[in-house]
Structures are given as structure tokens and as C-alpha cells.
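A short worksheet on the structure shown next.
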Amino acid sequence: MKIQEKFTVNAPADEVWAFLIDPERVAAALPGAKITEKVDENTYKGGMGVSVGPVSAAYDGTVEFMLDEENRSASVRARGQGKAGMGNADMQMTSSVVALGPDETEVTVEASVAVTGILAQLGRGMMQHVSKRMFKQFTEIVEKELAS
Amino acid sequence: MAPRTSAKICGMGHSMKRKEDPRFLQGKGNYIDDFTRPGMLWLDIVRSPIAYGKIVNIDTSKALEIDGVLAVLTGKDLEAYNLHWMPTLMSDTQMVLPTDTVMYQAQEVAGVIATSRYAAADGVAAVEVEYEAMTPVMDPFKALEDDAPVLRTDKEGQEDNLIWHWEAGDKEATDKIFDEADVVVREKMHVPRIHVASIETCGCLADFNPVEGHLTVYMTTQAPHAIRTVLALVAGHVGLSEEKIRVVSPDIGGGFGGKVPVYPGYVIAIAASVVLGKPVKWIEDRMENLQADSFARDYHMDAEVAADASGKIRALRIKTLADHGYADAQAAPSKFPAGLFSICTGSYDMENAYAEVDAVYTNKPPGGVAYRCSFRVTEAVHCLERIVDTLAHKVGKDPAQLREENFIPKEAFPYHSPLGWEYDSGDYQAAMDKAKEMIGYDDLRREQAEKRERGELMGIGVCSFTEVLGAGPSKDFDILGIKMFDSAEVRVHPTGKAIARFGTKSQGQGHETTYAQIIAEELGLPAAHVQVEEGDTDTAPYGLGTYASRSTPTAGAAGVMAARQIREKAAKIAAHLLEVGEEDLEWEPGTFSVKGAPDKSVSIQDCAFAAYTNLPEGMEPGMEATNYYDPPNLTFPFGTYICVVDIDRGTGEVSVRRFVAVDDCGNIINPMIVQGQIHGGLTQGLGPALYEEMTYDEDGNNLAGSFMDYLVPTAVETPAWETGHTVTPSPHHPLGAKGVGESATVGAPPAIANAVVDALAHLGVTHMEIPIRPDRVWGVLNARGVAK
Amino acid sequence: MIPPPFDYHAPGSLEEALTLLGRLDDAKVMSGGQSLLPMLKLRLATPANIVDIGRVPGLDSISEEGGYLRIGALVTETALEENATVAARYPILLDTAKVIADPLVRNRATICGNVAHGDPANDHPATMIALRATMVATGPDGERSIGVDDFFHGLFMTALQPGEILTEIRIPSPGQHSGGAYLKLERKVGDYAVAGAAVHLTLDEEGTVTQAGIGLTNLGMAPIRASAAEEVLTGQHFGDHSGLRGAFRRVREAIARTPSDDELIAAASQAAADATDPVADRRGSVDYKRNMARVLTTRAIHKALERAAARTPAGG
Amino acid sequence: MARHNVTVTVNGEAHTREVDSRLLLVHLIRDELALTGTHIGCDTTHCGACTVLVDGVPTKSCTVLAVQADGAEIGTVEGLAGADGMNALQEGFMQEHGLQCGFCTPGMLMTGTALLAANANPSEAEIREAISGNLCRCTGYVNIVKAVQYAAAKTAADGAGEDN
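Shown next as C-alpha cells:
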């Protein structure tokens, strides 16, 4: 499943970039996500909870950050294993930043999400909805955080 | 054909009401989940949520803390007994439980043994398995690319994902015809992966007696004897040799091919029973059944027909890619890795043909079993009957007329097909004529023309199939080396009542009735007095089981031969009782009388009594016979189906307005049962044509793992089938009968697909992939600007 | 498939039910159980407590009073199908009930459950949107009314708070010249909708649309109100092209380029399609689903107009 | 997990059992009361093999908790027959070949029973609609429709006979 979101933030590109390469702040902007441990410079342990009405799924796993400072492109690879046989999730997200003006920055988020297990099987497209919602919330939070 | 026997005897041709019905109608059937044993434990299975990956760790500690959970078996546990792998019926190997790698979603990973269903299920939820996921190979075409990972690293010498290459026919001669032909048409088509989805899932009750070292397995199997042999091959080294194993197949809630294989669950249940010394029951739930049990079909075919300008077919060429999942677990005869796919020249006379199939491994469940069809005949018929329509449209002929002009003429039988079959008998034109008359073909074509003028979409689909059933002659057919004969043992008691046991196993086909009628036909005993038994390996003679519509052609014939042996003995006894020579006797079903003196007679019952009380000098007492029947040939039933569909231009929905099926299965034993088989088969043809498909996403998820998404037709979608028949007896069966159980499943999908394509043909459409979903149809309508 | 362990409570009164919901952690309300039990068996939902309101008296009535059709929490789909008032005056509800799951499921499934589940694939929400229904939630502080437009918050999410029960749905009684229809495209009986469209139209004496309600099923994260489509229809006059009125109309169409009935309906249906946000799945592509929203809306508008025309004042 | 005392009257006979909250009605019937004529086919309320009558209403018993049925009158296939073993509907299934493997049959019979109780002379379309929650994989439904029609006709004829 591929997702693309593009949005403009009223903040300088440097600030936006600083945000996107800070694992703690990125996690805070993803509802349900948390960082629990720093393994090395680029790798963290964490968890992700997704809840949709009566259904909830929790994933534990690792997050790796790969930064391309020159092009201001940050890649995140998050791999999680669901609890209670819920299956696995594997997300590859790339965020890139382009300055449109001194206080205007365009952020592009491209993600590829692979989810296996019962939620993907029975979800009637639910995971697509959930992912879309998650990225929408992410962009909203980023916009809000940086605009203030 | 008028029955030869009275209604009291109820032999062939009588629509006898089924002997098995009262118990089913009163809730007294004995299906696998109805069995219990004192102290019985329950097995439930932990399954992989991912399609491909390494098992990093299995933590069973939380499961074992649950009240009632006694044990968790993993691949490592079975490895200690060398029971973690087993052979498939196609001499490939498959895992019982993995020790390091999972190969498809829903693969068995561990077995939880508990004192109740509920505790076992809780145990399954509590087992924690850590996986290192890998990218699965879901596309069979990609599986053959150079950079595809090799999936079966366990197999020595396996350097790619090709399982086998098979071909039939004369490639060179066929290519030559194609090079010089006036017309060549080509279609690429996929007959997708589907699932039998019998309403009863699979299961077993394994009951190991540690004192005697004896194992009884009650299980939902269509082939109990062959399964006993396989179990002995799998577990002989741990003391379960064949005489220590009894397999009992009770009432089966639908099989259709899905209950032929040995599934890992059976072996895990047996292992658990042996290890714990207690009876262990395993019953699949529906999601397990749909996701892990053997699939059917999944053939990607690239077909071409060469013809002359008038549409006379000259040659056929098919290249096929067969997706077998991670193991080749078909239940096909060993000489036929692509089953009986080479029946693909069907009902048409042509100069030559060539077919090839490449089988590949992917990260899907293993299988390739039939879904109510005789080893790939459905794929073959679908391919041919579709492309024949493409040819008809290309040369501008009515599809029925084009078929008629290409039929093998009835004088040509027995007919030798270019791909090596000897068709026993046929009169294809007669079936076509009857079907056209029943449906009012010419009127429909007129109606269609009028509707087309008004922009309405109506289509008429024709299919004239030839089936190939009754595997089979032992010179060609075996499974794991065991010849595909079948057997009957008939024993007439002193009071003239009989028991007859067979090596097959009914799953709803009504063997208890049909076989009794066969014995009645031959011995003149009332069918009501013939008790039929199947499915218990301790009592029934060895046979290969019921699938591929083989019961009547093989075990039914064995019943005839055994009954005839008994009748021969009875004749000797009758001569003795009537004090005449055997040559002076006349036989009318049930009675021997003296030629010219019809009042001097004895009944078969008299003979039976005498067999135990008043024998001719030197004759062995008793009245029984056993026959292992090795058929001289397969049987080749056929038929013409015509279907009318209407298409909603707004939504793309297809509705089957009428469907006429004319079948010819030779002489008919029970017309009511034959019609019932055809009704059921048609509905299992409707399903794959319009609704059913086992699909996967690129991440390996099974997207049709429950009845929410695996769409079995209900009474509302199913049309009121109209059936008729012609009778062309088989010269190769002692009753002139042919198999019938699967003809309709084979013939219906192309008839429906042809009707849909026919409705769209004027828009330039030559093919629609099945299942023909509304969104697919709408996509075509929209692309051509006719969607409303 | 076996549900996970939970505790079961069967309160005998609404007060008791509310008290239980207030007291228990992680409790889920169950009425017919036809959505909840499958989720439990799949172990997708694992509540610690289930409060079964099936034995609470007084929640199983359908009545038309005070200008509303009132549907209690325990009214089953079958009861709705068999209700004479519904059959005579609310055919859109009958349309909806009849395409939900299958007759056996409908024997236990409730209308309120269908709505409270918050599943955009369920059928009643679209109809409730078209009918401008009000949801009555009862909680520890008593009753509160929630307009249907404020009720659905997203995938499986509604305005119901923990501790609240959807006790009644109130549907405004239709005017004399009104009619509605629900159409659902499904892959086979018992399936969730590929798409569904509910249209309810209220006309004045002259036959002009005074109010239009259009709701859509399974075409986004939540049930959808096609407001723009409603606006297209509101104020328009359909049909009756006979006599002087028809002649005027044809002249007006020709001169002032007033859109024809078909053009108006097509415009409304396109607006409905534009309001959707479906995802591609085994039921079809995004394009297909959007178009089905359009096709079903068109058909539902026609049926609603037919029904509105058939409903004479005498027929009530 | 709480235990509950549940009393159900099945085919006229009262049974009381102490059950877990989560016990499904179908398991109470099959496992606790040993009435194995009611089957399980799909677990997700699609197939109807588990259909029983709960206070006369055909219900998929795999999607009802045993505790929900406390106090109810339950009818299963075992309770259909009179003294001669088969009622008109059962006879209809036998005469019209409305069953093959027999696994869906008990559910079909219970749905058919309720249909005929509500509608003595259903049309083909009404029968097909009524059994649309019961899947059959063997028969193709045509003969099931005929079986219900047979029972309707026979019951009507018997009733007419009694009136005379």
C-alpha cells in the first residue's frame, strides 16, 4: 500500500527539517506511536498502537532512521510484530523538505506500508483507511507544531 | 430407457429415494465432530500470520499457564521423531510443522493440546511466535525470474522455483499447422485459485491405544485406504505400521476433492495422541479451512487455435503456468503431473495439438487438488471452450454452428485424440440439438438482436464439453505407485439379504443407494435389502477412494463383477435345486426359471438360502464375492450447456436468466441422483464463473479467508437449472455407465463466460477473466463508452 | 472460532444497565450481537465485560408518535420488516432492512446496533442520514439527542460515550408528498455494500422538492451525507410534463437553458459521487465505487420520486 | 470469567447447565446436550448450518451465547419428527432429493420450518429469499425449493382432508 501526502508549513525549512529528524518528536506526532529505547545512533525500539472502534492492535518493533542531509530527505523504516498473532507491519516512510520561501516549506511524505495478518485480511480496506487517517493526523500535527 | 427390474427390486433406471436420507434428515448423521471418546483432548493450531519468514522464537510459556492446556507441540518436537515433514501425494514434500521457516500465511506453526475446545483456543492465542518476515513470492511469473529467491532451499538440487515441466503432443507438427493456417486466434486466460469450501470443514479424532500400539483415526477423508498407507509411510518408523492403523471415514459433509490430501493437522493430532496416549480431536474452523487447505486450479494459460477460413479447427497450442504454492500437493496420478489436462482438444476433431505446463513454487498454500473435477479437466475445458468462441467471433459464425461443424462425428468413436486419449463413445450433435431445442436457441438469437438495437446487453453462451472420468486403468494410473483400481465385496446372507462393501467413500453422492441399485440390477435382490458400507479400512476392501467421478466407473463396476460372480454361483445352485442343467436356465432379475417351463423357478433368495443349507456336491458354502476392478479405459461423458445472461449497463452485474444443461453420462443408474449431481455441479460452476476466487495481496495476505469474502452462491444468486439428457452407453463399462459427478462443474463456467462475452462481442470484447465480477464488467463497459 | 473470556451481565432494567456500564471497566454493550459476536469469535474485540441489554424491558417498540417514528434499541430488522406502519409510510426503511445480511441474521440484528456500530459499511446509517434521524443516547446523566450529522465520527467511531446506550432512533414522520428509497449494490446476498445510496425527498403541494436527503454507504471512513447533491435537487420540480405546466417548462428549458429532469438528476448523482472517498478493495476500484455511488443515487432518486408521486394525501 | 446457570427447553425437554459466559449456544446444544444434528460450518454467520429455532425464530446458534438463550424454547432437527420419524418437510427433502451430503440439511430444515409456520404457501422467490442465509454446496438449491413446496402442498392437502 502506497501513501503520499504533500503539505505546506508556515515555518522555515531548517525548523521543519529539525523536526523531521528528531525521532521523539516524530513519534509524538504519530498517534499511538512511542519510542521506548535508543539502540544506536539511528535505531530505536518502540511500539505502535492502532485502535479502530472495538478493534485494537499493538505492534512492537524497531525504527531505523536514515538521513540524507544534502537533499533534506529523511527515511524511516519501522518494523513491528503484532501481539497475539495479529501479524506484522513494515513501513518505509520518506519525508522530504523543500523551502518555498523563508517561512514557507513544502513537506512531502511518501510511505509504503505492508501489513500482514488478520487486520489486513478482514479489514475491508480498513488498513488503507487507518493509514490514510494516520498520515493525515501526522501532517496536521506537524503543521500545528511548527506553525505555533 | 425403461428399467429392466421391477419397482420392488429397484435396479438401474429407478429414481429410488436415498437410503441414507432418513438419518441425515433426523439429525442422526455421524460427522467427524459428532464423535467423542472418554478422556478426549482437543488440538487447536497456531498459524502463521505472515506468508514467508524465519521463525526466530516460539514462546509457549503463557499458553502452558492456561488452565486446561496440557502441551504445545512444535516442529522441533516432531523433528525428534522425524515427523516434521511428510510426503505429498505427488511425491513432493511438505512440512507438518516448521522448524525454521514458514512458507505461507496460515501455515501450521504449533499445536496446542488441551482438555477443551475453549482452552485449546485460548492456548493458541497465548503462544507467542517471533518471526523475521521476508518478502513473499506471490506472482508465479515473477517466481520464474532470475532474481527470484529460491523458495524450496530444503530440496537438494533445487536451484529455481520450477517444479516440473510437462508436455503432450507433437510440437513440430502443430507448429507447422499454425504456420500455414488461414486463421489463428489467441487468448490468455487465468482459471484462478478456488476452494471447494465444503460446508463441513476437515477434522479428525486420533485414538491411539498405547497398550496395543494400535491407532484408530476417524477422519474426513475421501480415500481412507490410501490415507492409511500414507500414514504408515509417514509414521511406520515410529511403530505405526499399516496393520496397526485403522482409518474410519464417517459421514462426510461434502468433499469435492478437498478431503483427499493428508493435512498437517491430521498428523499433529495423531502425533499428539501417540505422545499423550489419549484420544485427540482436531476440527478446523472455516478460516483455517479456506486459508490452509488445498486449493484448486490456478492455471495461467496462453492458448491458440489454428483454423481454416471457414472455421474448421486444425490445431491447438497451449502454454500454461501452474501456481502450486509452496509444495506440489496435488492428488493426481503420478504419470500425469498436469492431471488430465491433455483432454484439452475436447469435443472437436483436429489434426494436431500441443500442450505444455510449467509448475512453479510460490508462497501460497500447497495443493492443486480438484474442485469437483477430474484432475485439471476443468482448466482444459475452460480454455478450449472459451477460445472456440473467440474463433467463432473471428470467422463470423454462430458459436453453436462452429461447434457443430467441428464435432467429432458419432461414427468416429472410439476416437483417438491427438493428445493420446481413446474416447469411448459420443454423440455430440444429439446433445447440442436437445439443448438448443430446450432453450429455444433461434428465438433467443432473435431476441438478442432486437435488444442489441435498443442498447440492451444480453448474451447466449454455449459449451460442448467432453469429460474424462474414472481413473483409472492401472497401466496408466497410480497414486504414489498404488494402482487406481477399485473394489467391491458382496456377501449374500442366508435369508437373501446382502451387505456390499466398497473401496470408495461417499461424500453426499448417494453411494448407499446407487451401489445397492447396481447389486439389485445384477442379482435381482431388492435394493432395499442391500446394505452398503464404505470408509472403514478394517472392513472394506482396498480402494483408492471417491474423487474424479470415479466411483461408478471403478467401484461400481467392481460391484457389478462381484455380483455377476455370485450370480454364476447362484445359477449352479438353481440348476441343482431345479434338477436341470445350468444351460437350461433363464435369468430374469431375481429369478432363475427353466427354459420353456416358466413356472419351474427359484428365486435368488432361494439360491442364497441353499448356499448355506443345500449345496450341490463339492461346492464351497456361502455366497460372496470380491472384485478388484481395473477398468479397461476411462469414460468420456459429454454434454452441451447453453446459458442466457443479462447485463446491467449501470453496475456491470451479470444475471443468469436461464441455463440449460444436457448431459450424457451413458446408462443412468438413478436418474434422481444423477440430476442432483448435475444441479450441484452447475452451482459449483456458477461460483467460480461469477463469484469465487482465492486472492492474495502482494504482502501475502489471503483476502478470501472467510465466507465474508469467499463468495459461495446462495439460493438467490443460483438460477433454476433446467436439465436434460441423452444416453450414449460406454462400451468400456459393464453397465454402459459413465461418471457424472463433475461434468457440470466443468461445463458451466465456460458456458457462463461465453454468454457474457457474447453479450459484449459487438463491442470488440473477446475474453473476460473469471470470476466475472461486476466491477470487471463495468470496467469493460466504461472503457468502451457504454456504461450508463 | 471461540470468543475470548469475558464476563457477561444481563441487566433487567435500563438503570441497571447504565449502572453496570458506569461501574465496569472495558465493557461493551450488546443487543442482537450479530456484529459483536463475530468480532469476538475472531478475537478482534476482547472486552472484559459484555452488558447484554437484550432483557431490558421497553426497548423493543416501534411506534409513530409526536411527529416521529421511534425505533427502540432492541427492535430487530425482522420486526421492522414486518411492521405495517413502516411498510406503508417508510418504504426506504424496508428497502434498507431487506438487504442487510440474510433473514436469519436479521432475526436477531437490531437497527440501533447497526447504527451504533459505526461501521460505514452498514446500511442503516445512510438511510438515517437521508431521513435526518435523531439518535437518542441514554447515559448516567439521562437522555441526550444527537443529530445524525453529529453522530458518525469515523471508522467504527460514533458520538456515543462510554457508558451511553443508543436507546432510540427518531425519524421525522414524512410529509404527505414525500418518498424515499435505499439501493445497495452487493456481490451476493449477505455481503457488505460495494456501494449504497439512500435518497429521501420531501415535496410541497406543487411538487417542488423542499428537502432532499442523500446518504451513502461504504464509500468512505464514515457514512456520507451528499450535501451538494441535496442542494442540486432542492427547489427543483420534477415530472409532470403534461398540460400547460409542461409546455411552459419545455419552453423554459429551450430558452433559458434550464436543465432537464435527467440533467438535474445526473448532476445530483455526480455530486454524490464527488462526495465519496472510497478505497480500492475486492469490491472494486475507487473509480468503480465512485461511479456506483452515482448510478445508485440516480436510481434511488427516480424511485424516491415515484414513491413521492404515488403517495397521495388520501394514502397518507 | 463468571459462570451462569442456564435453563433451556430443547425440543420440549428442560435442561439446566452451569456455563461460561462465552459458551456459544451451538456448543451448549452439541457438546453439553449431545444433540449433534445441529452443525457448525462457517463461524461467521454466513452458512446457517447451525440454525435452530429460539422461541420459534430461526437463529444462527454459532452467533448467540448460551446465556442469551436462558429461559428460551429451543427447537433442533432432532425435535422435528413425529412418531413416524419424518414430518412433511423432512419427507419433502427425501422425495425431492433436497439433500446430498446432509451437512447443511438440519439448518435448512429449521429455516424451512419457520418459513412454513409463517407462510403456508410460499412462492419460489420467497423460499429462495428465506433460505438465503443457509449455504448448500451440494444440491444447487433447486430441489430444496421443491422440498419446501412439497411440504407446503402436503400440509395443505392434509389440512383439507381434516376439514372434510
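Which chain is which? The protein sequence lines are C, P, V and G, in order. Under numbering that gives the first Met the number 0, the residue at position 10 of the first sequence is numbered 9, and the numbers go up by one with no gaps. Under numbering that gives the first Met the number 0, the residue at position 625 of the second sequence is numbered 624, and the numbers go up by one with no gaps. Under numbering that gives the first Met the number 0, the residue at position 174 of the third sequence is numbered 173, and the numbers go up by one with no gaps. Under numbering that gives the first Met the number 0, the residue at position 133 of the fourth sequence is numbered 132, and the numbers go up by one with no gaps. Built from N, CA and C at the ideal position, the CB exists for glycine as well.
Starting from residue i and walking both ways along the beta strand (DSSP E), at which residues does that stretch end?
i       : result
Y58(C)  : V54 to D67
T7(C)   : K1 to V8
N792(P) : With chain P covering only 0 through 787, there is no way to say anything about residue 792(P).
Our contact map puts residue i next to residue j with C-beta atoms below 8 angstroms; I'd like the distance itself, whole angstroms only.
i       : j       : result
G699(P) : G746(P) : Not confirmed; about 34 angstroms, so no contact.
T512(P) : R17(P)  : 5 angstroms
G214(V) : A129(V) : 4 angstroms
H201(G) : L32(G)  : The question about residue 201(G) has no answer here: the residues shown for chain G are numbered 0 through 163.
R105(V) : E76(V)  : 4 angstroms
W165(P) : A337(P) : 5 angstroms
L96(P)  : V108(P) : 7 angstroms
E716(P) : M437(P) : Wrong, their Cβ atoms sit about 22 angstroms apart, outside the cutoff.
V198(V) : T296(V) : 7 angstroms
A309(V) : A270(V) : About 26 angstroms separates the two Cβ atoms, so there is no contact after all.
A110(C) : I2(C)   : 5 angstroms
Would you mind working out which of the options sits nearest residue i, comparing C-alpha positions?
i       : options                               : result
D663(P) : T725(P), S293(P) and K53(P)           : T725(P)
A325(V) : G65(V), K97(V), A26(V) and D51(V)     : Residue 325(V) is absent from the structure shown; chain V starts at 0 and stops at 315.
N781(P) : D647(P), A750(P) and A105(P)          : D647(P)
I65(P)  : I112(P), T87(P), G122(P) and Y117(P)  : G122(P)
V279(P) : I459(P), G202(P), R296(P) and V739(P) : G202(P)
A526(P) : A562(P), L214(P) and I478(P)          : A562(P)
C642(P) : S5(P), A434(P), G784(P) and H761(P)   : A434(P)
N9(C)   : A113(C), V96(C), A28(C) and M126(C)   : V96(C)
Y788(P) : E567(P), V136(P), K474(P) and T639(P) : Only positions 0 to 787 of chain P appear in the structure, and residue 788(P) is not among them; the question remains open.
V184(P) : K393(P), Y325(P) and Y117(P)          : K393(P)
Which residues bound the alpha helix (DSSP H) around residue i?
i       : result
G542(P) : Careful: G542(P) lies outside any alpha helix (DSSP H) and carries neither H nor E.
G679(P) : P670 to L685
Q127(C) : M125 to A146
P2(P)   : First-last for P2(P): undefined, no H or E at that position.
Y117(P) : R116 to A125
What's the C-alpha gap between residue i and residue j?
i       : j       : result
K183(V) : L52(G)  : 29 angstroms
R249(V) : L93(V)  : 36 angstroms
H189(P) : A132(V) : 48 angstroms
P3(V)   : R24(C)  : 37 angstroms
E652(P) : V776(P) : 7 angstroms
D645(P) : T694(P) : 27 angstroms
A313(V) : P56(V)  : Because A313(V) sits at a pLDDT of 37, beneath the cut-off of 50, its placement in the model cannot be relied upon, and the following sentence gives the value as read from the coordinates. Taking the straight line from one Cα to the other gives about 36 angstroms.
A307(V) : I771(P) : 37 angstroms
I126(G) : P332(P) : 43 angstroms
T87(P)  : A88(C)  : 33 angstroms
R186(V) : E242(P) : 51 angstroms
Exercise. Between the region 668-675 of chain P and the region 488-498 of chain P, do at least 3 Cβ pairs fall closer than 8 angstroms?
Worked result: Between the region 668-675 of chain P and the region 488-498 of chain P there are fewer than three inter-stretch CB-CB distances shorter than 8 angstroms, so the stretches are not counted as touching.
Exercise. Below 8 angstroms, can you find three or more Cβ-Cβ pairs linking the region 626-645 of chain P to the region 545-562 of chain P?
Worked result: Contact holds: three or more Cβ-Cβ distances are below 8 angstroms.
Exercise. With a cut-off of 8 angstroms, do at least 3 Cβ pairs link the region 27-35 of chain P to the region 240-255 of chain P?
Worked result: With the cut-off at 8 angstroms, the region 27-35 of chain P and the region 240-255 of chain P touch.
Exercise. Is the region 613-626 of chain P touching the region 440-450 of chain P in the sense that three or more CB pairs, one from each, lie closer than 8 angstroms?
Worked result: Not touching, per the Cβ criterion.
Exercise. Between the region 450-469 of chain P and the region 357-369 of chain P, do at least 3 Cβ pairs fall closer than 8 angstroms?
Worked result: Two segments are said to touch when three or more pairs of C-beta atoms, one from each, lie closer than 8 angstroms; by this definition the region 450-469 of chain P does not touch the region 357-369 of chain P.
Problem set entry | At least 3 beta-carbon pairs within less than 8 angstroms: the region 377-384 of chain P vs the region 417-424 of chain P | Segments in contact, no.
For this session: Report yes or no: do three or more beta-carbon pairs, one from the region 280-287 of chain P and one from the region 563-583 of chain P, lie closer than 8 angstroms?
Result: No, because fewer than three Cβ pairs between the region 280-287 of chain P and the region 563-583 of chain P fall closer than 8 angstroms, the two stretches do not touch.
For this session: Determine, using beta-carbon pairs with one atom in the region 313-321 of chain P and one in the region 352-365 of chain P, whether at least three such pairs fall under 8 angstroms.
Result: With a cut-off of 8 angstroms on Cβ pairs, the region 313-321 of chain P is in contact with the region 352-365 of chain P, counting three or more such pairs.
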